[in-house]
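**Student:**
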Amino acid sequence: MLHQDSLKREFLSTHETPGHLTPSLINANIDWACDHNLDVILEGILDYKHYQAVFDHIQHLPVIAVYLNQTFEQTLAKNALKEVPFSSKQLADWWLPTGGAPLPIPETFFPTQWRTLEQINWICSKMN
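Terminal number for the sequence shown in our numbering: 1404, no gaps in between.
(1) What is the rounded straight-line gap between the Cα of L1367 and the Cα of L1352?
(2) Measuring CB to CB, does T1392 end up less than 8 Å from N1345?
(3) Pair every Cβ in the region 1324-1331 with every Cβ in the region 1284-1301, then say whether three or more of these pairs are closer than 8 Å.
(4) My parser needs the alpha helix (DSSP H) runs of 4 or more residues fully inside the region 1306-1349; what are they?
(5) Enumerated in chain order, which unbroken segments of the beta strand (DSSP E) with a length of 3 residues or greater are wholly contained in the region 1357-1387?
(6) With 16 as the cutoff for other CB atoms within 10 Å, does T1347 come out buried or exposed?
(7) Secondary structure at L1283, three-state DSSP: helix, strand or coil?
(8) Tell me, please, which residues DSSP counts as bridged to L1278.
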């Protein structure tokens, strides 16, 4: 599991500015996992304008892209459970209510009412 926030904040101590290193680090981790025949789950709010290099990189890989269709209030509640939560202002600045820009890979939108287990079962059913 690659957590985009953890790689960005804790490993690199960086922000999403032009030329930030997070996409390169994500791509390197994806390559390493693929070289070792491991599955990768990349979790995070990956705005296409900041993470285009990641989406370009994974286009040739067998990818399942999922958008967790959650309200802003649900996102705030989950964020509050993190060891180091983001401020509500930061989340509001990043919030993409419809998933953001269309991705260059097929994307599935989970129904809001699906619980975590239903989401995991769906993902597992699509994996080889």
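Quick reminder that beta carbons are idealized off the backbone N, C-alpha and C, glycines included. What you are looking at is a predicted structure, and each value in this text was computed from that prediction instead of being measured.
**Tutor:** Reading from the atomic positions:
(1) Straight-line Cα distance between these residues: approximately 8 Å.
(2) Not a contact, by the Cβ cut-off of 8 Å.
(3) A contact exists between the region 1324-1331 and the region 1284-1301.
(4) If we require 4 residues or more, the alpha helix (DSSP H) runs fully inside the region 1306-1349 come out as 1324-1334.
(5) Those beta strand (DSSP E) runs which fall completely within the region 1357-1387 and span 3+ residues are 1383-1386.
(6) Exposed is the call here.
(7) Reduced to three states, the DSSP call for L1283 is helix.
(8) In the DSSP output, where bridge partners are listed per residue, L1278 has L1318.
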